[in-house]
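Take a look at the structure set out below.
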DNA sequence: TGACAAAAGTCATCAGATGACTTGATGAAA
DNA sequence: TTTCATCAAGTCATCTGATGACTTTTGTCA
């Protein structure tokens, strides 16, 4: 029994169960002891066991089937990965997001359809340029355009990861330095669409890179100060 | 956004609280009503409320402070993102991983040091070519090389995401089609190191792309059959 | 053997109670 | 006035016992 410096009984119980799984002692598909047994083994009440199991179910480790039992679903801790990715520096996160943008534009150029191009132009027109007013809403419109570019790649994995970054980045950026980062204008955005339309992957990724460069340098000077 | 057709009371309660948060009705930092009030509002027992709160705490939405109350931490569900990324198709996952490889090589070329190049060459030598034997172990050595390339980018966010994909991809690939996907040879790997050493980002990313192309076509034909 | 009913096992939920912790108010001492 | 100790109320943490709902197994009967 490892003692965590500061953890509730429920967290300790969850950790104990988790380690049984990650260590492989409880294999995937295995059935856990029932709640009464677990509560006896872990020396906590059944209510606490249930809360611990709830957490592990939410994390994808376990699955409960009423009337049948609780079973091991997976032994990989995906929530840990996400947690660590969130703890990386803002610049790394932004750079990673930029990498996704670049490669998505490349794929979009390879796979674009007239419909996609039309949609992108419409989203860009809706976005417009920022001329004061509700900045929050403008950022949302801007994000919608960028997410559409990612969607144009046709790759759902890229979309999911991008969602993760756009959430964390906008949370951080908007609160701290939003007003000081230069927003690329309409032409820079239009260049990306044009490059995708030509079907040239190198041109598309280059357009995104040109687009991102000034934002990066602004971010770098801000983070240094 | 999938709504579960059949959800337990706890899940319903968690969803109800979650929507209060994501909709913004309960702002970040706000204090939730106490457990008794929540149980009355949601028409469930306090135990159910506690299990729901546990889940939301595990997902990063809430924070409980004993003796004080329960507070809103964040309004974005970040833990779900990676979970959804894991559910995307194998091809999308592989393509996303490839995108990370390409952009990491580009960054590595911009930031490489002699030490990094030396390490990469050593890892490649240790990897060797596959000549039968323990395939599992060879894949591990191969993965070590690729992760070193990502590490050479100096971007921790990319490393974390790559870790996520390498885990899921090797889980899937090794079990299904490992023997039928062509493994790029030593020269293809060496090309990547050389390109990084020259400091030319375009050459580095192009080398990775050339490296990945045959794997992709093999994967595509396999997935079609 | 096969189908059906009964029973046992298990999770889901509820209700009540006690302990631990935080916060704010109160009042005494410096 | 300021500082500190003490107290009381509010809240989450945990435990206990009980009931309902669902699944699996077992036993029975045709």
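Residue numbers (full-length UniProt numbering), protein chains in the order written: chain G, 1 to 225; chain W, 1 to 225. From the three backbone atoms N, C-alpha and C, an ideal C-beta is built for every residue, glycine too.
| Check | Outcome |
| --- | --- |
| Residues of chain G with CB closer than 8 Å to the CB of residue 15 of chain W, please, in chain order. | Within chain G, no residue comes near residue 15 of chain W; the closest Cβ sits about 12 Å away, beyond 8 Å. |
| State buried or exposed for residue 156 of chain G, treating a residue as buried only when at least 16 other CB atoms are found within 10 Å of its CB. | buried |
| Quick one: which chain W residues come within Cβ less than 8 Å of residue 95 of chain G? | 107, 155, 157 and 158 |
| Name the residues in the segment 47–61 of chain G whose C-beta lies less than 7 Å from a C-beta of chain W; which are they? | 47, 50, 51, 54, 55, 58, 59 and 60 |
| What are the partner residues of residue 62 of chain G, as DSSP defines its beta bridges? | G/72 |
| Given residue 101 of chain W, which residues of its chain have a CB within under 6 Å of its CB, disregarding the five upstream and five downstream residues? | 208 |
| Taking 9 Å as the threshold (beta carbon to beta carbon), is residue 148 of chain W in contact with chain G? | no |
| Would you grab the beta carbon distance between residue 204 of chain W and residue 190 of chain W for me? Rounded to a whole angstrom, and I think it's under 8 Å. | Between residue 190 of chain W and residue 204 of chain W the Cβ distance is about 13 Å, and since that is not below 8 Å, they are no contact. |
| I need the straight-line Cα distance from residue 14 of chain W to residue 8 of chain W, nearest angstrom please. | 10 Å |
| Hey, how far is the Cα of residue 76 of chain G from the Cα of residue 108 of chain G? | 32 Å |
| Considering just the uninterrupted stretch of the alpha helix (DSSP H) at residue 116 of chain W, what are its terminal residues? | 114–127 |
| Residues in the same chain with beta-carbon distance under 6 Å from residue 26 of chain W, minus the five sequence neighbours each way, listed in chain order, please. | 20 and 72 |
| What separation, rounded to the nearest whole angstrom, lies between the Cα atoms of residue 197 of chain W and residue 148 of chain G? | 35 Å |
| Three Cβ pairs or more, each shorter than 8 Å: is that satisfied between the segment 48–60 of chain G and the segment 48–62 of chain W? | yes |
| Indicate whether at least one CB of chain G lies closer than 9 Å to the CB of residue 220 of chain W. | no |
| Counting only beta-carbon separations shorter than 9 Å, does residue 140 of chain W have a partner in chain G? | no |
| What residue does the alpha helix (DSSP H) around residue 192 of chain G start on, and which one ends it? | 186–198 |
| Measure from the C-beta of residue 41 of chain W to each C-beta in chain G and report whether the shortest distance is under 9 Å. | no |
| According to DSSP, residue 31 of chain W sits in a beta bridge with which residue or residues? | W/71 |
| Return the Cβ separation of residue 158 of chain W and residue 145 of chain W in integer angstroms, given the expectation that the two are a contact with Cβ distance under 8 Å. | Not a contact, Cβ separation roughly 16 Å. |
| Do residue 99 of chain W and residue 206 of chain G have their beta-carbon atoms positioned less than 9 Å apart in this structure? | no |
| Compare the C-beta of residue 92 of chain G against all C-beta atoms of chain W and say whether one is closer than 9 Å. | yes |
| Please identify the residue among W/201, W/202 and W/187 whose C-alpha is closest to the C-alpha of residue 211 of chain W. | W/187 |
| Which value, in whole angstroms, describes the spacing of the CA atoms of residue 139 of chain G and residue 122 of chain G? | 16 Å |
| Distance check for residue 184 of chain G and residue 214 of chain G, CA to CA, integer angstroms please. | 8 Å |
| By how many angstroms is the C-alpha of residue 50 of chain W removed from the C-alpha of residue 17 of chain G? | 19 Å |
| For residue 37 of chain W and chain G, any beta-carbon pair shorter than 9 Å? | no |
| Residue range of the alpha helix (DSSP H) that residue 95 of chain G falls in? | 90–111 |
| DSSP three-state label for residue 57 of chain W, please. | helix |
| Excluding the five sequence neighbours on either side, which residues of its own chain have a C-beta within less than 7 Å of the C-beta of residue 114 of chain G, listed in chain order? | none |
| Give every residue of the same chain whose Cβ lies closer than 7 Å to the Cβ of residue 22 of chain W, excluding the five residues on either side of it in the sequence, and list them in chain order. | 75 |
| Does any residue of chain G bring its CB to less than 9 Å from the CB of residue 176 of chain W? | Caution is warranted here: a pLDDT of 42 is assigned to residue 176 of chain W, below 50, making its placement in the model unreliable, and the coordinate value is therefore given only provisionally. No, its Cβ sits nowhere closer than 9 Å to a Cβ of chain G. |
| Tell me whether the beta-carbon of residue 69 of chain W lies closer than 9 Å to the beta-carbon of residue 34 of chain W. | yes |
| How big is the Cα-Cα spacing for residue 154 of chain W and residue 111 of chain W? | 8 Å |
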